[in-house]
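Asks: The opening position of the sequence shown corresponds to residue 4 in our numbering, with each subsequent residue numbered one higher.
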Amino acid sequence: MSALYDFLPVPPKGNDESGSHLYPKLRPYKTVSFDELTEKIASHSGLTKGNILAVMEEIEYWTKQLLSEGYRVQIGNIGTVSASLKADAEVYDKGDIHAQSIRFDKVKVTVSKQFSKQCSGKVLRAPSGKKFRQSSCTYTEEERLALLQSYLESHDYITRAEYGALTGLLKYKAWQDLDKWVKAHLIDIKGRAPHRVYVKRKGQDDRL
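#1: Where DSSP assigns a beta bridge to Pro27, which residues make up the other side?
#2: In the structure shown, what three-state DSSP assignment does Ile44 receive?
#3: What are the boundary residues of the beta strand (DSSP E) that includes Ile105?
#4: Can you name the start and end residues of the beta strand (DSSP E) that Thr83 belongs to?
#5: Closest to Ile105 by C-alpha separation, out of Ala164, Phe118, Asp91, would be which residue?
#6: Please check the pair Arg199 and His188, which I expect to be a contact at CB under 8 Å, by giving their CB distance rounded to whole angstroms.
#7: Is the number of C-beta pairs between the stretch 147-167 and the stretch 114-127 that are closer than 8 Å three or more?
#8: If contacts are defined as beta-carbon pairs under 8 Å, then Arg75 and Thr66 qualify, I think. What distance do you get, rounded to the angstrom?
#9: According to DSSP, which residues form a beta bridge with Leu62?
#10: Going along the chain, which residues of its own chain have a beta-carbon closer than 7 Å to the beta-carbon of Leu127, five neighbours each way excluded?
#11: For Tyr160, which of helix, strand or coil comes out of DSSP?
#12: Residues bridged to Gln77 by DSSP?
#13: Using only alpha-carbon positions, find the residue among Glu60, Arg163, Ser157, Gly49 that is nearest to Pro197.
#14: Between the Cα of Lys186 and the Cα atoms of Tyr201, Lys174, Leu173, Leu172, which residue gives the shortest distance?
#15: Taking the alpha carbon of Ile55 as the point to measure from, which residue in Glu156, Gln68, Trp184, Phe37 has its own alpha carbon closest?
#16: What alpha helix (DSSP H) runs, 4 residues minimum, are completely inside the stretch 164-206?
#17: Can you list, in chain order, the residues of its chain whose CB lies under 6 Å from that of Val114, leaving out five sequence neighbours each side?
#18: Express the C-alpha separation of Asp182 and Glu42 in angstroms, rounding to a whole number.
#19: Give the range of the beta strand (DSSP E) segment to which Val126 is assigned.
#20: CB Leu25 to CB Leu40, shorter than 8 Å?
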């Protein structure tokens, strides 16, 4: 089976609302559940589903245990798992902050080059019925928030136009999303229209 792809617009920079160039993006058929994955492994390897689940539980246990002790953990040929730290306040002098103010933040998976190459397959342009739709139906609200938070991890701010291009939402719906998350204290707002921008909220958990 070939992977399907379609094109999405690259979000414009600043307040520029003119057209932007396109980039290719995989169009997943669906998310394979862990239960489905274990069934595939069992039928392919001859291992029982119970054994597979037991091994996975041990991998999860030792991964979180070793990460909590400050190790990085290699997961087969897939890649390496590592944890990052976060300070509860901005630090300007090492002597101004205590260990109690430092905590674990996010867990990151760095995929190995070997595994990335092994994932390469044939790609086909998605048929019309499976193309990305430039509407609110393209992503769920949770997915749109995840896209926004991911964008703000690598950008200082996002405009309403950029968010609309990122998610495929029309102007009013894009504004509704951003306004809702400002009121929910998930993001912050700076400036006034037409120069208003949205920024990452400091010290806020990344969740709805």
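Heads up, the beta-carbon is just placed ideally off N, CA and C, and yes, glycines get one too.
Replies: So, from the data block:
#1: To locate residue 27, count along the sequence shown from 1; it is residue 24. DSSP, once it has assigned bridges, lists Phe10 as partnering Pro27.
#2: Position 41 of the sequence shown, counted from the start, is the residue given in the question as residue 44. Ile44: helix per DSSP, three-state reduction.
#3: Residue mapping note: residue 105 aligns to position 102 of the sequence shown, counting from 1. Element bounds for Ile105: 105-114.
#4: Position 80 of the sequence shown, counting from 1, holds the residue named residue 83. Unbroken beta strand (DSSP E) run through Thr83: 82-90.
#5: Locating residue 105 in the sequence shown gives position 102, counting from the first residue. Residue Asp91 is the option with its Cα nearest to Ile105.
#6: In the sequence shown, residue 199 corresponds to position 196, counting from 1. In the sequence shown, residue 188 corresponds to position 185, counting from 1. Rounded, the Cβ-Cβ distance is 17 Å, inconsistent with contact.
#7: no
#8: By 1-based counting over the sequence shown, the position of residue 75 is 72. By 1-based counting over the sequence shown, the position of residue 66 is 63. Their Cβ separation, rounded to whole angstroms, is 10 Å, which puts Arg75 and Thr66 out of contact at 8 Å.
#9: On the sequence shown, residue 62 is found 59 positions in, with the first residue counted as 1. Here the sequence assigns Ile to residue 62, which means Leu is not the residue at that position. Answer by DSSP bridge pairing: none, since Ile62 is not bridged.
#10: The residue given as residue 127 occupies position 124 in the sequence shown. The answer, listed in chain order, is Ser5, Leu7.
#11: Indexing the sequence shown from 1 puts residue 160 at position 157. Tyr160 falls in the coil class under three-state DSSP.
#12: As a working note, residue 77 is residue 74 in the sequence shown. Partner(s): Thr83.
#13: In the sequence shown, residue 197 corresponds to position 194, counting from 1. Checking every option, the nearest Cα to that of Pro197 belongs to Arg163.
#14: Within the sequence shown, the letter at position 183 stands for residue 186. Of the candidates Tyr201, Lys174, Leu173, Leu172, the one whose C-alpha sits nearest the C-alpha of Lys186 is Tyr201.
#15: As a working mapping, residue 55 is identified with position 52 in the sequence shown. The shortest C-alpha separation from Ile55 is found at Phe37.
#16: 174-186
#17: Translated into positions along the sequence shown, residue 114 becomes position 111. Excluding sequence neighbours, Val114 sits near Gly82.
#18: The sequence position of residue 42 within the sequence shown is 39, counting from 1. The sequence position of residue 182 within the sequence shown is 179, counting from 1. Rounded to whole angstroms, Glu42 to Asp182 spans 43 Å at the Cα level.
#19: Indexing the sequence shown from 1 puts residue 126 at position 123. Per DSSP, Val126 belongs to the beta strand (DSSP E) from 126-128.
#20: Within the sequence shown, numbered from 1, the residue matching residue 25 stands at position 22. Within the sequence shown, numbered from 1, the residue matching residue 40 stands at position 37. Not a contact, by the Cβ cut-off of 8 Å.
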